[in-house]
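Visitor:
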Amino acid sequence: MNSVRRRLFLLMALGFLMVTGPSTQDSQAALAPDADRLLLADSLYAAGRWAEAAPIYRELTVAAPEVGRHWARYGTCLHGLGIYDDAARALTRAEADEGRGKRLQQHRRRRGRP
0 MNSVRRRLFL
10 LMALGFLMVT
20 GPSTQDSQAA
30 LAPDADRLLL
40 ADSLYAAGRW
50 AEAAPIYREL
60 TVAAPEVGRH
70 WARYGTCLHG
80 LGIYDDAARA
90 LTRAEADEGR
100 GKRLQQHRRR
110 RGRP
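Position 54, counted from 1, in the sequence shown is what numbering that gives the first Met the number 0 calls 53; the numbers after and before it change by one each time, with no gaps.
#1: Is A114 near A52, with beta carbons less than 7 Å apart?
#2: Considering L80, what are the terminal residues of the alpha helix (DSSP H) in which it resides?
#3: For the alpha helix (DSSP H) containing V61, list its first residue and its last residue.
#4: Can you look up A46 in the DSSP assignment and give me helix, strand or coil?
#5: With G74 and L90 assumed to form a contact (beta carbons below 8 Å), what rounded beta-carbon distance in angstroms separates them?
Right, here's the structure in full:
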């Protein structure tokens, strides 16, 4: 029964990700090896289960530190847990990474690359 619940939970989370998932090709490529962990983290995040989602997002920031979305969600979880200083650092990192990603996309467009 526990296996059925887990699968149902993951299917619901997959539907959620299809609507709100990663927005760039770079982030999708970076997430591929950790897709199951991301799916679980995003599901916990959507349910407001910060204490369970935060360690998974932390792992994802270590595995793919260039993905600002991981940092943003990690920071949001920490904020929800009242860990404000670490939350501020994570959110600052998310903003920096998001800016770098946008600049890279602009550079690629100017050079005629997708």
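For every residue, glycine included, the Cβ atom is placed at its ideal position computed from N, Cα and C.
Only a predicted model underlies this, so the values are computations on that prediction, with no experimental measurement involved.
Guide: On the basis of the supplied data:
#1: Outside the shown range of the chain, which is 0 to 113, sits residue 114, and nothing can be said about it.
#2: Neither: L80 is in no alpha helix (DSSP H) and is coded neither H nor E.
#3: W49 to A62
#4: coil
#5: The C-beta distance from G74 to L90 rounds to 4 Å, short enough to fall under 8 Å.
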